[in-house]
Amino acid sequence: GDEIIGKLGSGKAFGEHSFLYGCTRTTNVKALTDGKLWVLSKSTFENIMLNTMLSRQKSYLDLLNKVPLFSEIPDYNLCKVIDIMREAKYQPNQSIYLQGSRGETLYIIKQGTVEFYKRRSNQDEPFLVRIMTQGSFFGEKSLLGEEYYHNDAISGPKGCILLQIEREAFSTFIGSISGLRNDYLGDDLKSQTQDTNSISGFHQLSHSSATNLSVNPHYHLEIKTDLIKRLTLDELHTVKTLDTDNFYRTELVVPKIDPRISYALKQMKKKNIVAMNLQDRVMEEKRLLTETSSNFIVKLFKTFRDRKYVYFLMEACLGGNLQRFLFQNPCCELDARFYVGCVIEALKHLHSLFIVYRDLKPTNILIDDRGYSKLANFIYSKKLQPGRKTFSFCGTPEYVAPEVVLNKGHDFAVDYWGLGILTYEIVVGRPPFVGDDPIKTYNVIMKGFESVSFPPEVSKNFESFVRKLCRVN
Numbered sequence: 006g007d008e009i010i011g012k013l014g015s016g017k018a019f020g021e022h023s024f025l026y027g028c029t030r031t032t033n034v035k036a037l038t039d040g041k042l043w044v045l046s047k048s049t050f051e052n053i054m055l056n057t058m059l060s061r062q063k064s065y066l067d068l069l070n071k072v073p074l075f076s077e078i079p080d081y082n083l084c085k086v087i088d089i090m091r092e093a094k095y096q097p098n099q100s101i102y103l104q105g106s107r108g109e110t111l112y113i114i115k116q117g118t119v120e121f122y123k124r125r126s127n128q129d130e131p132f133l134v135r136i137m138t139q140g141s142f143f144g145e146k147s148l149l150g151e152e153y154y155h156n157d158a159i160s161g162p163k164g165c166i167l168l169q170i171e172r173e174a175f176s177t178f179i180g181s182i183s184g185l186r187n188d189y190l191g192d193d194l195k196s197q198t199q200d201t202n203s204i205s206g207f208h209q210l211s212h213s214s215a216t217n218l219s220v221n222p223h224y225h226l227e228i229k230t231d232l233i234k235r236l237t238l239d240e241l242h243t244v245k246t247l248d249t250d251n252f253y254r255t256e257l258v259v260p261k262i263d264p265r266i267s268y269a270l271k272q273m274k275k276k277n278i279v280a281m282n283l284q285d286r287v288m289e290e291k292r293l294l295t296e297t298s299s300n301f302i303v304k305l306f307k308t309f310r311d312r313k314y315v316y317f318l319m320e321a322c323l324g325g326n327l328q329r330f331l332f333q334n335p336c337c338e339l340d341a342r343f344y345v346g347c348v349i350e351a352l353k354h355l356h357s358l359f360i361v362y363r364d365l366k367p368t369n370i371l372i373d374d375r376g377y378s379k380l381a382n383f384i385y386s387k388k389l390q391p392g393r394k395t396f397s398f399c400g401t402p403e404y405v406a407p408e409v410v411l412n413k414g415h416d417f418a419v420d421y422w423g424l425g426i427l428t429y430e431i432v433v434g435r436p437p438f439v440g441d442d443p444i445k446t447y448n449v450i451m452k453g454f455e456s457v458s459f460p461p462e463v464s465k466n467f468e469s470f471v472r473k474l475c476r477v478n
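Heads up, the sequence shown is in our numbering, so the first residue is 6 and it goes up one at a time.
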């Protein structure tokens with residue numbers, strides 16, 4: 006009979022791996038006695054998490070908007086501040102900071118009271134100068150560079166719960182704090198916060214690592230608009246198979262009336278789409294590709310369908326995918342800058358349209374006949390409004406960001422993480438996080454880049470660029 010590997014009783018849970026990560030079930034579960042089970046579906050869980058996040062976000066936004074420092078910052082940028090806030094609980098009469106200590110933190114009182122005491126000298130007894138209640142804030146000048154606190158802060162007789170924002174984290178997310186000194190909000194901050202959801206900001210991480218990309222601005226794909234409008238499936242001749250996997254097959258095709266023009270025809274079986282519950286994703290991929298217009302993203306020209314298949318007629322990139330190219334041509338850092346630069350341009354365009362890509366990896370990057378790399382395969386991409394997060398678990402295990410693994414909700418930042426992993430793999434030849442199975446891979450990812458050793462031959466600029474892209478907050 007079957008081997009029994011374990012028994013569970015009242016209060017225990019099972020199925021969490023397939024529930025959270027979509028992993029295939031590896032065991033059979035049988036009831037040994039009569040009993041009752043609580044069942045939670047993935048969609049219900051995601052809705053609960055989303056509603057909880059939105060409720061928390063709204064309450065925190067209300068508090069932040071009371072702080073003059075943040076009064077002119079748009080809500081979608083304040084949502085980034087919420088991501089770096091930490092909630093801390095203080096016991097009754099517990100010290101928060103002492104007079105003369107270094108100022109590094111802004112505090113907002115979520116619950117309870119805080120008392121402030123001042124000393125004229127170290128020998129004098131402190132005297133009460135004020136009491137703050139729920140919704141009040143203090144320590145804001147520490148974000149503007151004021152070095153030291155001027156009094157003692159102690160939690161009230163019933164304790165308190167504080168929301169805390171560290172200066173270093175605030176500076177990283179919002180920009181140079183020097184721009185805040187002018188009436189709390191100067192033009193410098195406004196210009197720097199414009200692109201907080203754009204990958205372009207990462208050019209500043211390492212000028213010698215990700216810049217100096219040479220792109221021909223006059224390179225445009227010649228599109229035979231009239232021919233494409235008239236084309237039908239029957240008028241396409243298959244030349245060869247370009248790529249295939251469990252979900253789709255891509256053929257190189259040419260129009261019979263003009264075989265000088267080539268296209269890629271991506272074919273997806275309707276039966277497989279339904280079996281994998283990907284109907285909505287396929288429709289979303291079509292919508293998003295139709296919306297994009299970038300020389301660094303594969304173009305979708307037209308779609309077809311018949312009884313068995315859905316077809317995408319796309320730009321043909323005859324250089325194959327980046328993984329195959331790298332297998333045949335190991336990449337130095339100088340070449341990596343070019344390919345990573347192309348991906349940055351693609352992500353910059355997507356993020357400007359509020360599209361999060363979510364599946365960066367070498368097999369999804371195609372090389373065209375001029376050597377430029379282009380982003381393809383938008384099956385996991387999603388439209389996401391600024392300040393919002395999504396909880397769906399998707400992507401390839403080696404490239405999944407920690408917030409996706411933890412089901413904390415994720416946004417455009419997962420593409421920054423993916424870019425760091427991709428950059429590492431292009432130069433080193435393998436992804437930094439690999440396990441024997443997806444669950445072990447996720448466990449390694451949660452250890453972060455602190456556990457990753459870089460080969461001695463790579464430059465410090467390269468290592469710094471990757472670590473900054475993959476920094477866990």
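We put the beta carbon where it would ideally sit given N, CA and C, even for glycine.
Keep in mind it's a predicted model, so treat the numbers as computed, not measured.
Outcome for residue i when other beta-carbon atoms lying within 10 angstroms are tallied against a minimum of 16
i	result
K366	buried
D7	exposed
K85	buried
H415	buried
I370	buried
L411	exposed
K17	exposed
T216	Note that T216 has pLDDT 36, beneath the 50 cutoff, so the model's placement of it is unreliable and no number is given.
L148	buried
L226	The predicted model places L226 with a pLDDT of 41, which falls under 50 and marks its position as unreliable; any figure quoted below should be read in that light. Flag for L226 reads exposed.
E152	exposed
L74	buried
T428	buried
W422	buried
V419	buried
D442	exposed
M90	buried
G20	exposed
N221	Residue placement at N221 is poorly supported in this model, since its pLDDT is 38, which falls under 50; the coordinates are not used for a value here.
R363	buried
Host beta strand (DSSP E) of residue i (start-end)
i	result
L133	132-137
C165	157-171
V258	253-260
V119	110-123
T249	241-249
T428	Careful: T428 lies outside any beta strand (DSSP E), inside the alpha helix (DSSP H) at 418-433.
Y316	314-320
I101	100-102
Y95	91-95
Beta-carbon gap between residue i and residue j smaller than 7 Å
i	j	result
V119	A158	yes
I114	M137	yes
L474	L424	yes
V303	E320	yes
S160	Q99	yes
F467	E338	yes
P83	L69	A small correction: the amino acid at residue 83 is Leu; Pro does not occupy that position in the sequence shown. Yes, the Cβ-Cβ distance between L83 and L69 is below 7 Å.
Y316	L270	yes
P402	T446	yes
H354	F417	no
M281	Y253	no
Residue i - containing alpha helix (DSSP H), residue span
i	result
S357	338-357
M273	Taken as a continuous stretch (DSSP letters only), M273 belongs to no alpha helix (DSSP H), being part of the beta strand (DSSP E) at 268-274.
F330	327-333
F470	465-474
M288	284-296
T446	443-452
I479	An answer regarding residue 479 cannot be provided, because it is not within the stretch 6 to 478 covered by the chain.
CA nearest to the CA of residue i, picked from the options
i	options	result
V361	L69, L236, T395, K379	T395
E92	L59, P407, I166	I166
F398	Q390, P391, S386	S386
K163	K146, Y95, V457, F143	Y95
M54	K413, Y429, Y421	K413
I450	P461, P436, P460	P436
Y71	G140, T255, P264, F19	One detail in the question is off: residue 71 reads as Lys in this sequence, not Tyr. Out of G140, T255, P264, F19, G140 has the C-alpha closest to the C-alpha of K71.
F343	P131, S357, F132, I372	I372
R393	Q333, V405, L232, R61	R61
P335	T295, N282, G346, G434	G434
I87	V279, F175, E130	F175
V259	F359, L247, H242	H242
Rounded distance between the beta-carbons of residue j and residue i, thought under 8 Å
i	j	result
L327	S378	6 Å
F301	E240	The pair is not a contact, with the Cβ atoms about 29 Å apart (cut-off 8 Å).
L331	I170	That pair is no contact at about 41 Å.
L168	Y81	Contact doesn't hold; Cβ gap of about 19 Å is too wide.
G324	G400	Not a contact, Cβ separation roughly 24 Å.
L111	E145	5 Å
Test: residue i CB closer than 7 Å to a CB of chain C
i	result
R107	Chain labels in this structure do not include chain C; a single protein chain is all it has.
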